[in-house]
Amino acid sequence: MSVLRMEFKWMIVLLLLLLGTIFTTISSKTVVNDSFSSGQERATDLHKSHVIKSIQSEDGDIIDCIDIYKQPAFDHPALKDHKIQLSPTHNMKTETTSASKKTYVGRNIGSPVTVTTQTWHKSGSCPKGTIPIRRTQTDYVSKGHSDSNYARKAPVLLHNEKQSNESKKLYLLQTNHSMAILHADGFAYMGAKGDIRVWNPKVESNDEYSTSQVALKSGPYYDYEAIEAGWAVNPKVYGDRKTRLFVYWTVDANQKTGCFDVTCPGFVQTSHEIALGAAIYPISKPTGLPYQITLYIHKDPATSNWWVQYGETVNIGYWPHDLFALLKFHATTVQWGGEVYSPRVGTHPHTSTAMGNGQFPDYVFGNSGSIKRMRVVENNMVLRFPQWVNGWSDEYDCYGIFYLSDYVEEPEFYFGGPGRNPVCP
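Under mature numbering (1 follows the signal peptide of the UniProt record, and there is no 0), the residues of the sequence shown are numbered -28 to -1, 1 to 397, in order.
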(Lines of atoms letter the chains of each structure in order from A and count residues from 1; the text may use other names and numbers.)
(Lines give C-alpha, C1' and ligand atoms only; values in the text may rest on other atoms or scores of the structure.)
Protein backbone atom coordinates (compact mmCIF):
# COMPACT_ATOMS: atom_id res chain seq x y z
CA MET A 1 0.00 0.00 0.00
CA SER A 2 2.85 2.39 0.81
CA VAL A 3 4.30 1.82 -2.67
CA LEU A 4 0.96 2.62 -4.33
CA ARG A 5 0.58 5.72 -2.15
CA MET A 6 4.06 6.92 -3.19
CA GLU A 7 3.31 6.35 -6.90
CA PHE A 8 0.06 8.28 -6.56
CA LYS A 9 1.87 11.25 -4.99
CA TRP A 10 4.38 11.31 -7.85
CA MET A 11 1.53 11.26 -10.37
CA ILE A 12 -0.03 14.30 -8.65
CA VAL A 13 3.31 16.17 -8.73
CA LEU A 14 3.83 15.45 -12.45
CA LEU A 15 0.27 16.54 -13.24
CA LEU A 16 0.76 19.85 -11.39
CA LEU A 17 4.03 20.49 -13.24
CA LEU A 18 2.32 19.82 -16.59
CA LEU A 19 -0.55 22.17 -15.78
CA GLY A 20 1.92 24.86 -14.73
CA THR A 21 3.76 24.61 -18.04
CA ILE A 22 0.54 24.87 -20.03
CA PHE A 23 -0.63 27.87 -18.00
CA THR A 24 2.73 29.64 -18.48
CA THR A 25 2.58 29.11 -22.26
CA ILE A 26 -0.97 30.42 -22.51
CA SER A 27 -0.12 33.41 -20.33
CA SER A 28 2.87 34.37 -22.47
CA LYS A 29 0.78 34.24 -25.65
CA THR A 30 -1.92 36.30 -23.96
CA VAL A 31 0.60 38.99 -23.06
CA VAL A 32 1.75 39.27 -26.69
CA ASN A 33 -1.80 39.35 -28.03
CA ASP A 34 -2.79 41.92 -25.40
CA SER A 35 -0.24 44.29 -26.89
CA PHE A 36 -2.43 44.36 -29.98
CA SER A 37 -5.90 44.09 -28.42
CA SER A 38 -5.41 46.96 -25.99
CA GLY A 39 -3.08 49.03 -28.14
CA GLN A 40 -5.68 51.64 -29.00
CA GLU A 41 -6.65 52.21 -25.38
CA ARG A 42 -2.99 52.70 -24.46
CA ALA A 43 -2.47 55.10 -27.35
CA THR A 44 -5.48 57.09 -26.19
CA ASP A 45 -4.10 57.24 -22.65
CA LEU A 46 -0.77 58.47 -23.99
CA HIS A 47 -2.54 61.20 -25.90
CA LYS A 48 -4.11 62.45 -22.72
CA SER A 49 -0.92 62.57 -20.67
CA HIS A 50 1.88 63.29 -23.15
CA VAL A 51 0.45 65.80 -25.61
CA ILE A 52 2.83 68.73 -26.09
CA LYS A 53 0.84 70.40 -28.85
CA SER A 54 -2.39 69.72 -30.77
CA ILE A 55 -3.15 70.80 -34.33
CA GLN A 56 -6.68 71.09 -35.71
CA SER A 57 -6.51 70.22 -39.41
CA GLU A 58 -8.94 71.72 -41.91
CA ASP A 59 -10.10 68.21 -42.87
CA GLY A 60 -11.33 67.51 -39.33
CA ASP A 61 -8.32 65.56 -38.08
CA ILE A 62 -6.62 66.43 -34.81
CA ILE A 63 -2.88 65.80 -34.79
CA ASP A 64 -1.28 65.44 -31.37
CA CYS A 65 2.44 66.11 -31.01
CA ILE A 66 3.73 63.48 -28.57
CA ASP A 67 7.13 63.27 -26.89
CA ILE A 68 9.15 60.88 -29.07
CA TYR A 69 10.21 58.88 -26.00
CA LYS A 70 6.61 58.52 -24.74
CA GLN A 71 5.11 57.05 -27.92
CA PRO A 72 2.87 53.93 -27.95
CA ALA A 73 5.51 51.67 -29.56
CA PHE A 74 7.34 51.09 -26.30
CA ASP A 75 4.31 49.46 -24.70
CA HIS A 76 5.03 46.30 -26.70
CA PRO A 77 6.43 43.52 -24.47
CA ALA A 78 9.38 42.97 -26.83
CA LEU A 79 10.36 46.65 -26.64
CA LYS A 80 10.43 47.26 -22.89
CA ASP A 81 14.18 47.92 -22.91
CA HIS A 82 14.40 49.16 -26.48
CA LYS A 83 16.77 52.04 -27.17
CA ILE A 84 15.32 54.27 -29.87
CA GLN A 85 17.26 54.62 -33.13
CA LEU A 86 16.81 58.18 -34.36
CA SER A 87 18.07 57.64 -37.92
CA PRO A 88 19.21 54.76 -40.14
CA THR A 89 22.91 53.99 -40.33
CA HIS A 90 22.79 53.39 -44.08
CA ASN A 91 21.50 55.66 -46.84
CA MET A 92 19.97 54.10 -49.93
CA LYS A 93 21.89 54.72 -53.16
CA THR A 94 20.37 53.90 -56.54
CA GLU A 95 22.41 51.64 -58.77
CA THR A 96 23.49 53.54 -61.89
CA THR A 97 23.10 51.45 -65.03
CA SER A 98 22.75 52.46 -68.65
CA ALA A 99 19.47 51.46 -70.24
CA SER A 100 19.88 48.95 -73.05
CA LYS A 101 16.33 49.35 -74.35
CA LYS A 102 14.93 51.96 -76.68
CA THR A 103 12.68 54.48 -74.98
CA TYR A 104 9.52 56.20 -76.02
CA VAL A 105 10.31 59.90 -76.42
CA GLY A 106 9.46 61.62 -73.14
CA ARG A 107 8.07 58.43 -71.63
CA ASN A 108 10.43 58.31 -68.67
CA ILE A 109 13.06 60.99 -69.09
CA GLY A 110 11.72 64.37 -68.10
CA SER A 111 8.30 63.02 -67.12
CA PRO A 112 6.76 64.96 -64.23
CA VAL A 113 7.28 63.65 -60.71
CA THR A 114 4.73 65.43 -58.54
CA VAL A 115 5.00 64.61 -54.86
CA THR A 116 2.33 65.07 -52.22
CA THR A 117 2.14 66.40 -48.70
CA GLN A 118 -0.45 65.94 -45.93
CA THR A 119 -3.51 68.09 -45.34
CA TRP A 120 -2.67 68.88 -41.70
CA HIS A 121 0.55 70.61 -42.79
CA LYS A 122 -1.57 73.60 -43.81
CA SER A 123 -2.53 74.14 -40.16
CA GLY A 124 0.77 73.76 -38.34
CA SER A 125 3.71 71.53 -37.53
CA CYS A 126 5.08 69.47 -34.66
CA PRO A 127 8.33 70.58 -33.01
CA LYS A 128 11.47 68.46 -33.16
CA GLY A 129 11.61 65.91 -30.38
CA THR A 130 7.94 65.03 -30.90
CA ILE A 131 6.03 62.79 -33.30
CA PRO A 132 2.63 63.59 -34.85
CA ILE A 133 -0.10 61.07 -34.06
CA ARG A 134 -3.55 61.32 -35.58
CA ARG A 135 -6.11 61.31 -32.78
CA THR A 136 -8.79 58.65 -32.98
CA GLN A 137 -12.10 60.49 -32.94
CA THR A 138 -14.19 59.76 -29.84
CA ASP A 139 -17.48 59.66 -31.71
CA TYR A 140 -16.07 57.16 -34.19
CA VAL A 141 -14.68 54.83 -31.50
CA SER A 142 -18.00 54.94 -29.67
CA LYS A 143 -19.77 53.50 -32.71
CA GLY A 144 -18.46 50.03 -32.02
CA HIS A 145 -15.00 50.33 -33.57
CA SER A 146 -12.97 50.13 -30.38
CA ASP A 147 -12.74 46.31 -30.51
CA SER A 148 -9.32 44.70 -30.74
CA ASN A 149 -9.69 43.83 -34.42
CA TYR A 150 -10.72 47.15 -35.90
CA ALA A 151 -7.19 48.06 -37.05
CA ARG A 152 -6.19 44.55 -38.14
CA LYS A 153 -6.72 43.13 -41.59
CA ALA A 154 -9.09 40.19 -41.74
CA PRO A 155 -7.29 36.85 -41.99
CA VAL A 156 -7.13 35.32 -45.44
CA LEU A 157 -9.83 32.79 -46.30
CA LEU A 158 -8.39 30.21 -48.68
CA HIS A 159 -10.19 28.36 -51.44
CA ASN A 160 -11.10 24.77 -50.61
CA GLU A 161 -9.82 23.28 -53.83
CA LYS A 162 -6.26 22.00 -54.13
CA GLN A 163 -3.64 24.71 -54.53
CA SER A 164 -0.17 24.59 -56.05
CA ASN A 165 2.93 25.02 -53.93
CA GLU A 166 3.95 28.02 -56.04
CA SER A 167 0.68 29.82 -55.32
CA LYS A 168 0.96 29.07 -51.62
CA LYS A 169 4.39 30.65 -51.55
CA LEU A 170 3.02 33.86 -53.07
CA TYR A 171 0.17 34.21 -50.55
CA LEU A 172 -2.31 34.78 -53.38
CA LEU A 173 -5.05 32.20 -52.89
CA GLN A 174 -7.74 34.01 -50.96
CA THR A 175 -11.46 34.59 -51.16
CA ASN A 176 -11.92 37.78 -49.14
CA HIS A 177 -8.93 39.73 -50.48
CA SER A 178 -8.40 40.54 -54.16
CA MET A 179 -4.89 41.49 -55.19
CA ALA A 180 -3.41 42.83 -58.42
CA ILE A 181 0.34 42.88 -57.96
CA LEU A 182 3.79 42.62 -59.44
CA HIS A 183 5.97 40.35 -57.32
CA ALA A 184 9.62 39.38 -57.04
CA ASP A 185 10.82 36.37 -55.09
CA GLY A 186 13.61 33.84 -54.89
CA PHE A 187 16.21 36.07 -53.24
CA ALA A 188 16.96 37.46 -49.80
CA TYR A 189 15.50 40.96 -49.92
CA MET A 190 16.66 43.73 -47.62
CA GLY A 191 14.34 46.40 -48.95
CA ALA A 192 12.11 47.76 -51.70
CA LYS A 193 10.72 51.04 -53.01
CA GLY A 194 8.16 52.42 -55.44
CA ASP A 195 6.53 55.62 -56.67
CA ILE A 196 2.80 55.09 -56.09
CA ARG A 197 0.23 57.23 -57.89
CA VAL A 198 -2.30 58.58 -55.40
CA TRP A 199 -6.04 58.20 -56.07
CA ASN A 200 -9.25 58.18 -54.07
CA PRO A 201 -11.11 55.02 -55.12
CA LYS A 202 -14.70 54.21 -54.28
CA VAL A 203 -15.13 51.97 -51.23
CA GLU A 204 -18.65 50.57 -51.17
CA SER A 205 -19.11 49.48 -47.54
CA ASN A 206 -17.61 50.57 -44.24
CA ASP A 207 -16.11 47.13 -43.62
CA GLU A 208 -14.18 47.17 -46.92
CA TYR A 209 -10.98 48.90 -48.00
CA SER A 210 -8.78 49.62 -51.00
CA THR A 211 -5.00 50.08 -50.81
CA SER A 212 -1.97 50.59 -53.02
CA GLN A 213 1.31 49.62 -51.42
CA VAL A 214 4.82 48.19 -51.36
CA ALA A 215 5.06 45.05 -49.22
CA LEU A 216 7.77 42.65 -48.05
CA LYS A 217 6.89 39.21 -46.72
CA SER A 218 8.51 36.08 -45.35
CA GLY A 219 7.16 32.74 -44.20
CA PRO A 220 4.52 30.19 -45.27
CA TYR A 221 1.20 31.35 -46.71
CA TYR A 222 -0.72 30.47 -43.55
CA ASP A 223 1.67 32.10 -41.06
CA TYR A 224 3.73 34.74 -42.87
CA GLU A 225 5.26 37.94 -41.54
CA ALA A 226 4.66 41.13 -43.52
CA ILE A 227 5.47 44.83 -43.50
CA GLU A 228 3.74 47.30 -45.84
CA ALA A 229 3.61 50.99 -46.68
CA GLY A 230 1.31 52.86 -49.06
CA TRP A 231 -2.01 54.67 -49.19
CA ALA A 232 -5.42 53.42 -48.14
CA VAL A 233 -9.11 54.25 -48.19
CA ASN A 234 -10.31 52.38 -45.12
CA PRO A 235 -13.52 53.58 -43.40
CA LYS A 236 -13.30 50.99 -40.62
CA VAL A 237 -9.87 52.12 -39.46
CA TYR A 238 -10.02 55.85 -40.22
CA GLY A 239 -13.72 56.66 -39.98
CA ASP A 240 -14.04 58.24 -43.45
CA ARG A 241 -13.21 57.70 -47.11
CA LYS A 242 -10.20 59.97 -47.47
CA THR A 243 -6.96 58.69 -48.98
CA ARG A 244 -4.47 58.27 -46.16
CA LEU A 245 -0.83 57.28 -45.72
CA PHE A 246 -0.40 53.99 -43.89
CA VAL A 247 2.07 51.42 -42.67
CA TYR A 248 1.02 47.92 -41.62
CA TRP A 249 2.61 44.85 -40.07
CA THR A 250 1.71 41.35 -38.91
CA VAL A 251 3.68 38.36 -37.64
CA ASP A 252 1.08 35.61 -38.17
CA ALA A 253 -0.76 36.34 -41.43
CA ASN A 254 -3.28 38.52 -39.54
CA GLN A 255 -4.57 35.62 -37.47
CA LYS A 256 -4.07 37.34 -34.10
CA THR A 257 -1.63 40.17 -34.81
CA GLY A 258 -1.51 43.08 -37.20
CA CYS A 259 -2.35 46.75 -37.20
CA PHE A 260 -2.25 49.93 -39.21
CA ASP A 261 0.08 52.77 -38.25
CA VAL A 262 0.49 53.19 -34.48
CA THR A 263 -2.91 51.79 -33.46
CA CYS A 264 -1.00 49.08 -31.60
CA PRO A 265 2.47 49.11 -30.03
CA GLY A 266 5.34 48.13 -32.31
CA PHE A 267 6.18 50.68 -35.01
CA VAL A 268 8.65 53.25 -33.68
CA GLN A 269 8.13 56.69 -35.22
CA THR A 270 11.01 59.15 -35.45
CA SER A 271 9.78 61.87 -37.83
CA HIS A 272 8.10 65.05 -36.59
CA GLU A 273 6.93 65.85 -40.14
CA ILE A 274 4.75 62.91 -41.23
CA ALA A 275 1.64 61.62 -39.42
CA LEU A 276 0.72 58.03 -40.16
CA GLY A 277 -2.96 57.73 -41.03
CA ALA A 278 -3.21 61.39 -42.03
CA ALA A 279 -4.89 62.43 -45.27
CA ILE A 280 -2.70 62.86 -48.35
CA TYR A 281 -2.94 66.07 -50.33
CA PRO A 282 -3.38 66.64 -53.22
CA ILE A 283 -4.99 63.65 -54.96
CA SER A 284 -4.58 62.75 -58.64
CA LYS A 285 -7.44 63.46 -61.04
CA PRO A 286 -7.87 62.03 -64.56
CA THR A 287 -7.35 65.44 -66.15
CA GLY A 288 -4.85 66.74 -63.60
CA LEU A 289 -1.27 66.21 -62.50
CA PRO A 290 -0.04 62.70 -61.57
CA TYR A 291 0.45 63.10 -57.83
CA GLN A 292 2.39 60.32 -56.16
CA ILE A 293 4.09 59.19 -52.97
CA THR A 294 7.57 57.68 -52.95
CA LEU A 295 8.09 55.02 -50.30
CA TYR A 296 11.14 53.02 -49.29
CA ILE A 297 11.22 50.09 -46.87
CA HIS A 298 14.74 48.92 -46.06
CA LYS A 299 16.57 46.94 -43.41
CA ASP A 300 19.32 48.70 -41.51
CA PRO A 301 22.46 46.52 -41.88
CA ALA A 302 23.76 47.57 -38.45
CA THR A 303 20.61 47.21 -36.32
CA SER A 304 18.36 44.94 -38.48
CA ASN A 305 15.47 47.36 -37.93
CA TRP A 306 13.13 47.89 -40.92
CA TRP A 307 12.94 51.59 -41.84
CA VAL A 308 10.18 53.38 -43.76
CA GLN A 309 11.29 56.40 -45.78
CA TYR A 310 8.86 58.94 -47.28
CA GLY A 311 10.18 60.72 -50.35
CA GLU A 312 13.92 61.11 -50.65
CA THR A 313 14.70 62.60 -47.25
CA VAL A 314 12.11 61.83 -44.54
CA ASN A 315 12.63 58.73 -42.40
CA ILE A 316 9.22 58.13 -40.81
CA GLY A 317 10.34 55.41 -38.41
CA TYR A 318 10.98 51.69 -38.18
CA TRP A 319 9.82 48.26 -37.07
CA PRO A 320 12.36 46.92 -34.55
CA HIS A 321 13.80 43.54 -35.49
CA ASP A 322 12.68 42.22 -32.07
CA LEU A 323 9.11 42.04 -33.39
CA PHE A 324 9.92 39.35 -35.94
CA ALA A 325 11.17 35.78 -36.16
CA LEU A 326 11.75 35.66 -39.94
CA LEU A 327 11.93 39.26 -41.08
CA LYS A 328 14.69 39.91 -38.57
CA PHE A 329 16.88 38.23 -41.21
CA HIS A 330 15.37 39.14 -44.60
CA ALA A 331 12.23 39.05 -46.74
CA THR A 332 11.62 36.37 -49.36
CA THR A 333 8.95 38.17 -51.40
CA VAL A 334 8.43 41.76 -52.53
CA GLN A 335 5.05 42.92 -53.84
CA TRP A 336 3.94 46.14 -55.55
CA GLY A 337 0.30 46.82 -56.38
CA GLY A 338 -3.23 47.05 -55.06
CA GLU A 339 -5.48 45.18 -52.67
CA VAL A 340 -9.22 45.22 -52.09
CA TYR A 341 -10.76 43.62 -49.03
CA SER A 342 -14.44 42.69 -48.97
CA PRO A 343 -16.51 39.73 -47.78
CA ARG A 344 -18.02 39.90 -51.29
CA VAL A 345 -14.80 39.26 -53.20
CA GLY A 346 -15.33 36.24 -55.44
CA THR A 347 -19.09 36.21 -54.85
CA HIS A 348 -22.18 37.33 -56.77
CA PRO A 349 -22.83 40.18 -56.64
CA HIS A 350 -19.19 41.21 -56.41
CA THR A 351 -18.26 44.29 -54.43
CA SER A 352 -18.03 47.56 -56.35
CA THR A 353 -15.11 48.73 -54.23
CA ALA A 354 -12.54 50.02 -56.70
CA MET A 355 -8.79 49.54 -56.93
CA GLY A 356 -6.47 52.32 -58.11
CA ASN A 357 -8.89 54.91 -59.45
CA GLY A 358 -11.52 52.41 -60.55
CA GLN A 359 -10.21 52.16 -64.11
CA PHE A 360 -8.60 49.13 -65.71
CA PRO A 361 -4.85 49.51 -66.43
CA ASP A 362 -4.15 52.46 -68.73
CA TYR A 363 -0.50 52.57 -69.75
CA VAL A 364 -1.12 55.07 -72.57
CA PHE A 365 -2.45 58.02 -70.56
CA GLY A 366 -1.61 56.71 -67.10
CA ASN A 367 -5.21 57.09 -65.95
CA SER A 368 -5.20 54.14 -63.54
CA GLY A 369 -3.38 52.80 -60.54
CA SER A 370 0.35 52.66 -61.18
CA ILE A 371 3.71 52.17 -59.50
CA LYS A 372 6.93 53.35 -61.11
CA ARG A 373 10.65 53.31 -60.27
CA MET A 374 10.30 49.94 -58.55
CA ARG A 375 13.45 48.75 -56.81
CA VAL A 376 14.64 46.01 -54.49
CA VAL A 377 17.58 45.87 -52.09
CA GLU A 378 19.58 42.67 -51.79
CA ASN A 379 22.66 41.80 -49.75
CA ASN A 380 24.81 44.46 -51.41
CA MET A 381 22.45 47.11 -49.97
CA VAL A 382 22.07 48.83 -53.35
CA LEU A 383 18.72 49.78 -54.88
CA ARG A 384 18.20 48.19 -58.28
CA PHE A 385 15.42 46.87 -60.46
CA PRO A 386 14.69 43.19 -59.67
CA GLN A 387 16.01 40.59 -62.09
CA TRP A 388 12.80 38.56 -62.21
CA VAL A 389 9.25 39.80 -61.71
CA ASN A 390 5.82 38.38 -62.42
CA GLY A 391 2.36 39.90 -62.51
CA TRP A 392 -0.68 38.41 -60.81
CA SER A 393 -4.32 39.30 -60.40
CA ASP A 394 -6.74 37.26 -58.32
CA GLU A 395 -9.65 38.48 -60.48
CA TYR A 396 -8.62 39.71 -63.92
CA ASP A 397 -12.20 40.60 -64.84
CA CYS A 398 -12.54 42.79 -61.76
CA TYR A 399 -9.04 44.21 -61.27
CA GLY A 400 -6.52 44.05 -64.09
CA ILE A 401 -2.75 44.39 -64.44
CA PHE A 402 -0.35 45.52 -67.18
CA TYR A 403 3.42 45.40 -66.88
CA LEU A 404 5.11 47.77 -69.32
CA SER A 405 8.71 46.61 -69.68
CA ASP A 406 9.61 46.83 -73.38
CA TYR A 407 10.92 49.96 -75.09
CA VAL A 408 11.04 51.98 -71.88
CA GLU A 409 13.99 52.94 -69.75
CA GLU A 410 12.01 52.41 -66.55
CA PRO A 411 9.52 49.51 -66.39
CA GLU A 412 6.10 50.57 -65.11
CA PHE A 413 3.29 48.61 -63.47
CA TYR A 414 -0.36 49.53 -64.05
CA PHE A 415 -3.22 47.96 -62.13
CA GLY A 416 -6.77 48.46 -60.92
CA GLY A 417 -10.41 48.21 -61.84
CA PRO A 418 -13.96 48.98 -60.77
CA GLY A 419 -14.78 45.70 -59.09
CA ARG A 420 -18.33 44.79 -60.10
CA ASN A 421 -18.91 45.31 -63.85
CA PRO A 422 -20.56 43.38 -66.73
CA VAL A 423 -17.74 40.81 -66.84
CA CYS A 424 -17.37 40.74 -63.04
CA PRO A 425 -21.01 40.49 -61.95
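Glycine included, each C-beta is placed from N, C-alpha and C at the ideal position.
Keep in mind the model is a prediction, meaning the values are calculated, not measured.
Around the beta-carbon of H322, 16 or more other beta-carbon atoms lie within 10 Å, marking it buried. Spatial neighbours of D369 in its own chain (CB-CB distance under 7 Å, excluding positions within 5 residues in sequence) are listed in chain order as V395, C396. Of the other Cβ atoms in all chains shown, 16 or more fall within 10 Å of the Cβ of G289; this residue is therefore buried.
Annotation: P60 to G202 spans about 20 Å, alpha carbon to alpha carbon. Close CB contacts of Y253 within its chain, under the 7 Å cut and outside five residues either way in sequence, are with T88, T89, Q90, T91 (chain order).
If you draw a straight line from the Cα of G363 to the Cα of I265, it is about 22 Å long. In this structure, L154 is the residue among T229, I246, L154, W291 with its C-alpha nearest to the C-alpha of F387. When H302, Y194, W360, Y375 are compared, the shortest CA-CA separation from A160 is found for H302.
In the DSSP assignment, P104 forms a beta bridge with C37. In this structure, A198 keeps its C-beta atom at 8 Å or more from the C-beta atom of Y181.
Under the Cβ criterion (8 Å, minimum of three pairs), the segment 341 to 357 does not count as touching the segment 277 to 294. Of the other Cβ atoms in all chains shown, fewer than 16 fall within 10 Å of the Cβ of S26; this residue is therefore exposed.
Judged by pairs of C-beta atoms under 8 Å, the segment 178 to 195 does not touch the segment 248 to 262, as fewer than three such pairs exist.
For Y386, the enclosing beta strand (DSSP E) has its first and last residue at 384 to 388. Take the alpha-carbon of K55 and the one of L248: they are about 21 Å apart. If you check the CB distance, G166 and L267 come in under 8 Å.
Taking the C-beta atoms as reference points, G32 is found no nearer than 8 Å to W171. Apart from the 5 residues on each side of it in sequence, N339 sits with its Cβ closer than 8 Å to the Cβ of P258, N329, Q331 in its chain, given in chain order. Secondary structure note for V280: it is in no alpha helix (DSSP H), and the uninterrupted beta strand (DSSP E) holding it is 278 to 282. Counting along the chain, Y181 sits inside no alpha helix (DSSP H); it lies in the beta strand (DSSP E) bounded by residues 181 to 190.
K25 carries a strand assignment under DSSP once its states are collapsed to helix, strand and coil. Nearest to E311 by alpha-carbon distance, out of K174, W221, Q241, Q185, is Q185. CA-CA distance, R347 to P358, rounds to 6 Å.
A direct Cα-to-Cα measurement between S276 and E384 gives close to 30 Å.
L376 and T102 have their C-alpha atoms roughly 42 Å apart. Comparing alpha-carbon positions, the option among D195, V234, V240 lying closest to Y122 turns out to be V234. Counting only the Cα atoms, N393 lies some 43 Å from H244. Out of P207, Y210, T183, K214, the CA that lies nearest to the CA of E200 is found in T183.
A direct Cα-to-Cα measurement between Y193 and V240 gives close to 27 Å. Secondary structure of H293 (DSSP, three-state): helix. Between G372 and G391, the CB-CB gap reaches or exceeds 8 Å. The beta carbon of P273 lies closer than 8 Å to those of T61, H62, M162, M353 in the same chain, with the five residues before and after it left out. In the three-state reduction of the DSSP assignment, H302 falls in the coil class. According to DSSP, residue pairing for L154 in a beta bridge involves W308, G363. In the displayed model, K52 falls within coil according to three-state DSSP, outside both helix and strand.
Judged by their CB atoms, I38 and H22 are nearer to each other than the 8 Å cut-off.
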